[in-house]
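Novice: The sequence shown lines up with residues 5 to 423 when you count with this note's numbering.
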Amino acid sequence: MAEGAEIKKTPLVKILGRAGSATAYAIRDYLHRSDVPFEWVQLENDEQARTQAGVDHLQDSRLPVCIFADGSRIECPNLRQITEKLGWFRSPLHTEYDLAIYGAGPAGLSAAVYGASEGLTTVLIERSAVGGQAGSSSKIENYLGFPDGISGADLAERARKQACRFGAEILLAREGVRGEFADGKGIGYLADGTQIVARSAICATGVAYRRLGVPNEEKYFGAGLYYGAGTSEAQLVKDHQVIVVGGGNSAGQAALNFAPLASHVRMVIRGDTLKRTLSKYLIDRIYTTANIEVLPRTEVVNLAGENYLEEVTLRHRDTQEELTVKSHWLFACLGGEPHTKWAEEVGIVRDLVTGPDLIQGGRRPANWPLDRDPYYLETNVPGMFAAGDVRHGSVKRCASAVGEGAMAVAFVHRYLSQG
Ligand SMILES: Cc1cc2nc3c(=O)[nH]c(=O)nc-3n(C[C@H](O)[C@H](O)[C@H](O)COP(=O)(O)OP(=O)(O)OC[C@H]3O[C@@H](n4cnc5c(N)ncnc54)[C@H](O)[C@@H]3O)c2cc1C
């Protein structure tokens, strides 16, 4: 991956595609999160598609085309192909690990740093790029040790390097889909058929963004509608109207990130005020930024546009008054649902309930096989831990995710030595 500021300035990948392409967005988002410099070339007509991308016309299914630093090209690649091309796609080196971690957000990366640095053979499995939600933050300002703030992608890249330096293996573009636990060993099944055998596991799979719940939503995903703060898109909103839905810190950061280039940013919130949901340092800046307008008690009720998003209809929750805004840029920052569906099959109490929360009325969870209480951060399956946003009752912050990742490793040691 990119090493240092100088390399960052030279694009390692050139992406050529048409506006409103969901695949092109996924690639931009992935590269941005991975801190890989890229150049986006938006093709406007058939002539440009032919001469610049070498395809027949603008609607050609071979778009987007990615051209890499060595001159090679891949047409309409998926994230795995890009990961392979960048040389990051790895196969597991061991047949068995001390610790398998699922999810490379702040919690998983922290667990990998502590696990590997404390001598555990550690593998970290991530379905997309490192960084998780934090990787999509334009600037994290409340993380200890960075008084001027740090971009999520930068923080994630530093953590990735740190984990690798200690010997953690990171398997990117691989998704854990199922798990089994028997005889003191867990087997994680990845979507591509790979099996990961480990004596302990930490689930750090975070949360998925909530949907808006409006008709046609899927049609516009990646084609005007984006879930999350859309940091990779910030340069593309120049002189456009942007709508950010949500009143949390991620929405606040997104609005402030778009404001310098966008013509106007509307922040759509269901509640009366930002005060209850947003940190004070962000509220002050939002209310003093001239082109950010906060629309309280408002929700999105309709999306329209032929090939990509062109219009968004907003409705006031009390007066029912509607406003239709011409916009190609709608970012839904609606917090999330924990990624825990897989856990149901394994009999783990969801949403990843851990430690003392598993003790109900002084009794241990049903089927708990050991003569001790579950350790703090341990689920009702011994040796299987949870850390970060995915955990029931977690504090949704980078620092707490990082702290839980480190803490979970301490309990992994105890489990591996004492059962
Ligand atoms: C835009 C934005 C800005 C934010 N700003 C701040 C801030 O300024 N300060 C702050 O303290 N907090 C901030 N937060 C919150 C903070 O980022 C989260 O609390 C934190 O990232 C949670 O970390 P996590 O590791 O628990 O989960 P996540 O960050 O959600 O990471 C989970 C990872 O698991 C992966 N995954 C999911 N399922 C699987 C699977 N089956 N197999 C493999 N991998 C999987 C995901 O792809 C993801 O990479 C922000 C969040 C957002 C979205």
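Beta carbons are placed, not taken as given, at the ideal position from N, Cα and C, and that holds for glycine.
Quick one: does the C-beta of C402 sit closer than 7 angstroms to a heavy atom of ligand 1?
Specialist: C402 Cβ: within cutoff of ligand 1.
Novice: Going along the chain, which residues of its own chain have a beta-carbon closer than 6 angstroms to the beta-carbon of A195, five neighbours each way excluded?
Specialist: Excluding sequence neighbours, A195 sits near E179, V181.
Novice: Where are the beta strand (DSSP E) runs, 3 residues long or more, that stay fully inside the segment 48-119, in chain order?
Specialist: Entirely contained in the segment 48-119, the beta strand (DSSP E) runs reaching 3 residues are, in chain order, 69-72, 77-79, 101-106.
Novice: Would you check if the distance between the CB atom of H268 and the CB atom of E310 is smaller than 8 angstroms?
Specialist: Not in contact: H268 and E310 (Cβ atoms no closer than 8 angstroms).
Novice: Looking only at its own chain, which residues have a Cβ that is under 6 angstroms from the Cβ of A160, when we skip the five neighbours before and after it?
Specialist: These residues qualify, in order along the chain: V134, G135, G139.
Novice: Let me confirm a value: T358 is counted as buried when at least 16 other C-beta atoms fall within 10 Å, else exposed. Which label applies?
Specialist: With 16 or more Cβ atoms within 10 Å of its Cβ, T358 is classed as buried.
Novice: Among all the DSSP beta bridges, which residues are the ones paired with I200?
Specialist: Note: I200 sits in a beta bridge opposite G192.
Novice: Quick one: what does DSSP say A26 is sitting in, helix, strand or coil?
Specialist: DSSP places A26 in helix when its eight states are reduced to three.
Novice: Measuring CB atoms only, is the segment 362-379 touching the segment 326-343, in the sense that at least three cross pairs come out at less than 8 angstroms?
Specialist: No, because fewer than three Cβ pairs between the segment 362-379 and the segment 326-343 fall closer than 8 angstroms, the two stretches do not touch.
Novice: Are the segment 365-372 and the segment 97-106 touching by the rule of at least three beta carbon pairs closer than 8 angstroms?
Specialist: These segments do not touch.
Novice: Could you work out which residue in Q245, S283, V249 is closest to L265 when comparing CA atoms only?
Specialist: With distances taken between Cα atoms, L265 lies closest to Q245.
Novice: If we count Cβ pairs, one from each stretch, closer than 8 angstroms, do we get three or more for the segment 195-215 versus the segment 284-303?
Specialist: With a cut-off of 8 angstroms, the segment 284-303 and the segment 195-215 do not count as touching, because too few Cβ pairs lie within range.
Novice: With a 10 Å radius around its C-beta and 16 neighbouring C-beta atoms as the bar for buried, classify Q137 as buried or exposed.
Specialist: Burial call: buried.
Novice: In the DSSP assignment, find the alpha helix (DSSP H) that holds W346 and state where it starts and stops.
Specialist: Per DSSP, W346 belongs to the alpha helix (DSSP H) from 345-350.
Novice: Taking 7 angstroms as the line, does the beta carbon of A111 fall inside it for any heavy atom of ligand 1?
Specialist: Checking the Cβ of A111 against ligand 1 gives yes.
Novice: Could you check whether the Cβ of H320 sits closer than 7 angstroms to any heavy atom belonging to ligand 1?
Specialist: H320: no, Cβ never under 7 angstroms from ligand 1.
Novice: Return the Cβ separation of K143 and Q257 in integer angstroms, given the expectation that the two are a contact with Cβ distance under 8 angstroms.
Specialist: With a Cβ gap of about 7 angstroms, K143 and Q257 count as contacting.
Novice: Assuming Q422 is part of the alpha helix (DSSP H), what are its boundary residues?
Specialist: Residues 402-422.
Novice: If I measure Cβ to Cβ from K279 and keep anything under 6 angstroms in the same chain, skipping five residues before and after, which residues do I get?
Specialist: No residues qualify anywhere along the chain.
Novice: Check Q137 in the structure and name its three-state DSSP category.
Specialist: Coil.
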